[in-house]
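What follows is a short report on a single structure.
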Amino acid sequence: MCGIVGYLGDQQAYPILIKGLHRLEYRGYDSAGVSMISQSGELNVYKAKGKVVALEESVKNDDISGTIGIAHTRWATHGEPNATNAHPHYSQSKNLSLVHNGIIENYKTLRTELESRGYTFCSETDTEVLVQLVECMMDTHKSDLFTAVQFALKSVVGAYAIAILEKSNPDQLICARKGSPLIIGVGKNENGNAEYYLGSDATPIVEYTNQVIYLNDEEIAIMDRKGRLDIVNLQNVQQTPHLHTLQMNLDQLEKGGFPHFMLKEIWEQPNALRTCIRGRLNKEQKDVILSGIIDNKEKFKNCRRIIICACGTSWHSALIGKYFIEEACQIPVEVEYASEFRYRNPVIFEDDVVIAVSQSGETADTLAAIQLAKSKGAFLYGICNVIGSSIARATDSGTYLHVGAEIGVASTKAFTGQVITLSLLGLVIAKVRNTLSDDMYNMLVDELFMIPDKMQWTLENNKNIDEFAQKFTYCKNFIYLGRGYNYPVALEGALKLKEISYIHAEGYPAAEMKHGPIALIDEEMPVVVIAPRQGMYDKVVSNIQEIKSRNGKIISVVTEGDTIVKEMSDYSFVIPDTRDCFVPMLAVIPLQLLSYYVATAKGRNVDQPRNLAKSVTVE
Ligand code: M6R
């Protein structure tokens, strides 16, 4: 949550910062700000409530010159979203400006202490406390900024990624991180002079350089125009910077002719999943290779159980993974909300494998959950999309989704990418534990291989959801039902609708209806039922009858050629036939499209829905 951008070099900083903020806007969009040291040596700060465009509008007549700057797009934690609480924040003397992503938990104590020393505050934020604290440390210890940042961060409890400018030192940029992501891009201009870029992720950087350093927790970096790049930790131990080459291209960051990233990402799914399985699923040799498992086969062979920790959509894919791994590998799998798991002293054995599933790889609760599991000796495996993310680096081994950057706040291709990756994982574990017959294994490999083509078919054959969705914009509630592998799909369909259309929606296991929720059914209530031919078809047919006899409106997801459920439904979406365990990757597509078109018909901002941020880096 919140996005940080920074630049130091020969170019004008403002255009780079603004472009970077647009790229990071998915991380928070309630206010934005920039700070540059101008050509005349002023440390300017400009801020505006609302999106980055509001900031651009507001600085039209201001001095936005300068070749060093920091910028921020905010998702409010402390203090309402307004220009005063927006970042960057000045220090008391206005010699420093600072941007921050994270939460300073002891900010109240620190603020009281600083107030007693004469510091006054303009905002309600924890960030202003941080910048004042740094200035206080400079004064108290008569130190330079770098040392003062070290002192200040030692007294801070909480999470932070920060970038800081000093008016009296326009040639240096300082940043630090703990618990919130921060990447340094290392470039060179045409004259061979050093240029440095900062980003909460790689998207503001990739346009200028593909050489990056992922800052680790409790590391502080100092960069200057002469090419100095030093990283030390809070204990003042020098760290060796490791350069990584980004695997990202600019096309992934553009809408490519689609009106929204979400629609683009829905349509990207067939190709995204082809990339995900490329080199991993070998149809000819009937083999599945996950490099993250090659050296750790014994862990999966001998483990007592698997625990999967995740949040939101990733939790839904984890639940599908559980069903598949339990069925294919005959090993108990528990799926935990990371936010609950981390605080309830769970039983974790040293021979447990704990899997973190996270698109961003930065979700604070998921990261904390695996850190807890690590402290109890479990083997950690990460399934992340963002390369070099905190969870990817905190785990012992893992598999990247390789579905490309997901920009829309509502997760779509990451969900199906996670499901196919968990399916690959299940097949590898089944092989290692010898729990599937060769025939079954080969058949699953063949079927999994066809999923991307079947997704393409699903997209091509559900184009009219656009018109159909218009009829449901008046609805206040939706129910989604599924059984077995499709219960998590019902949860995911409901979450998609809720988060981008703001229509209340609930997902239930279909058979649970009669234990309470059926009381909600009337002629106003659309009920979306995932009813493929595979799985408990007859049972779902009975559940549909129960709803119909109470006048509920049935929208179904059915297998191509189905007539029974189709006739019972007010409307049906069709998907191709596949194995029960792989249906979710197809069935979710019409549900993604339904939520997208209902939301756009209601005029919602589907890529940046209210109150949400793509990457939830606070608790
Ligand atoms: O990056 P992660 O997969 O860890 O994110 C978890 C959730 O915050 C995320 O899936 C969220 O629920 C999405 N907005 C759902 O579309």
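For our numbering, count along the sequence shown from 1 and bump the result up by 526.
For each residue, glycine too, the CB sits at the ideal point set by N, CA and C.
{"Asked": "Under the three-state DSSP convention, the category Glu852 falls into", "Found": "helix"}
{"Asked": "Residue closest to Pro607, alpha-carbon to alpha-carbon, out of Ile590, Thr635, Gly595, Lys575", "Found": "Lys575"}
{"Asked": "Where Lys1079 sits in the DSSP three-state scheme", "Found": "strand"}
{"Asked": "Residue from Val861, Glu993, Ile881, Ser937 with nearest C-alpha to Glu1025", "Found": "Ser937"}
{"Asked": "Selected residue, minimal CA-CA separation from Val880, among Ile833, Cys855, Met1051, Pro614", "Found": "Ile833"}
{"Asked": "Among Leu699, Phe787, Pro785, the one whose alpha carbon lies nearest that of Gly753", "Found": "Leu699"}
{"Asked": "By C-beta, the residues closer than 5 Å to any heavy atom of the ligand M6R, given in chain order", "Found": "Cys837, Gly838, Thr839, Ser840, Ser884, Gln885, Ser886, Thr889, Ala936, Ser937, Val1142"}
{"Asked": "DSSP-derived helix/strand/coil call for Gln795", "Found": "helix"}
{"Asked": "The stretch 1047-1056 touching the stretch 1078-1088, judged by at least three CB pairs closer than 8 Å", "Found": "yes"}
{"Asked": "Terminal residues of the alpha helix (DSSP H) in which Lys693 lies", "Found": "Note, Lys693: premise wrong, no alpha helix (DSSP H); not H, not E."}
{"Asked": "First and last residue of the uninterrupted alpha helix (DSSP H) at Glu824", "Found": "823-828"}
{"Asked": "Contact belief for Ile690 with Val712 at Cβ below 8 Å, rounded distance in angstroms", "Found": "Not quite, the Cβ-Cβ distance comes to about 19 Å (not below 8 Å), so this is no contact."}
{"Asked": "Element boundaries [beta strand (DSSP E), containing Ile542]", "Found": "Per DSSP, Ile542 belongs to no beta strand (DSSP E); it is in the alpha helix (DSSP H), 539-550."}
{"Asked": "Cβ shell of Arg703 (< 6 Å), same chain only, five flanking positions each side left out", "Found": "Ala687, Leu741"}
{"Asked": "Supposed close pair Cys528, Arg549 - CB separation, criterion 8 Å", "Found": "About 14 Å separates the two Cβ atoms, so there is no contact after all."}
{"Asked": "Three-way DSSP call (helix, strand, coil) for Asp750 in this model", "Found": "strand"}
{"Asked": "Same chain only: Cβ atoms within 7 Å of Leu807, ignoring 5 sequence neighbours per side", "Found": "Val814, Leu950, Val971, Leu974, Phe975"}
{"Asked": "Whether Leu636 touches Leu581 by CB criterion (9 Å)", "Found": "no"}
{"Asked": "Candidates Pro978, Val578, Ser561: closest to Ala798 by CA position", "Found": "Pro978"}
{"Asked": "Secondary structure of Gln764, DSSP reduced to three states", "Found": "strand"}
{"Asked": "Validate contact between the stretch 887-903 and the stretch 865-874 using beta carbons, cut 8 Å, 3 pairs", "Found": "yes"}
{"Asked": "Lys902: first and last residue of the uninterrupted beta strand (DSSP E) it sits in", "Found": "It is not in any beta strand (DSSP E) - Lys902 carries neither H nor E in the DSSP assignment."}
{"Asked": "Helix, strand or coil at Arg600 according to DSSP, with G and I counted as helix", "Found": "strand"}
{"Asked": "Top-ranked residue by Cα proximity to Gly595, from Arg643, Asp1133, Pro541, Phe1004", "Found": "Pro541"}
{"Asked": "Of the listed residues Asn990, Leu927, Gln1118, nearest to Ile913 (C-alpha basis)", "Found": "Leu927"}
{"Asked": "Given Met1120 as reference, the closest of Glu744, Pro1035, Ala1031 once Cα atoms are compared", "Found": "Before going further, note that residue 1120 is Leu rather than Met in the sequence given. Looking at the Cα atoms, Ala1031 is the closest of the given residues."}
{"Asked": "Contacting residues, own chain, Cβ-Cβ under 6 Å from Asn968 (five flanking each side not counted)", "Found": "Lys812"}
{"Asked": "Pro1052 - partner residues in DSSP beta bridges", "Found": "Lys1079"}
{"Asked": "Buried versus exposed, by CB contacts within 10 Å (16 or more), Phe875", "Found": "exposed"}
{"Asked": "Simplified DSSP assignment, three categories, for Asp756", "Found": "strand"}
{"Asked": "Under the three-state DSSP convention, the category Met562 falls into", "Found": "strand"}
{"Asked": "Nearest-angstrom Cβ-Cβ length linking Asp556 and Arg600, presumed shorter than 8 Å", "Found": "6 Å"}
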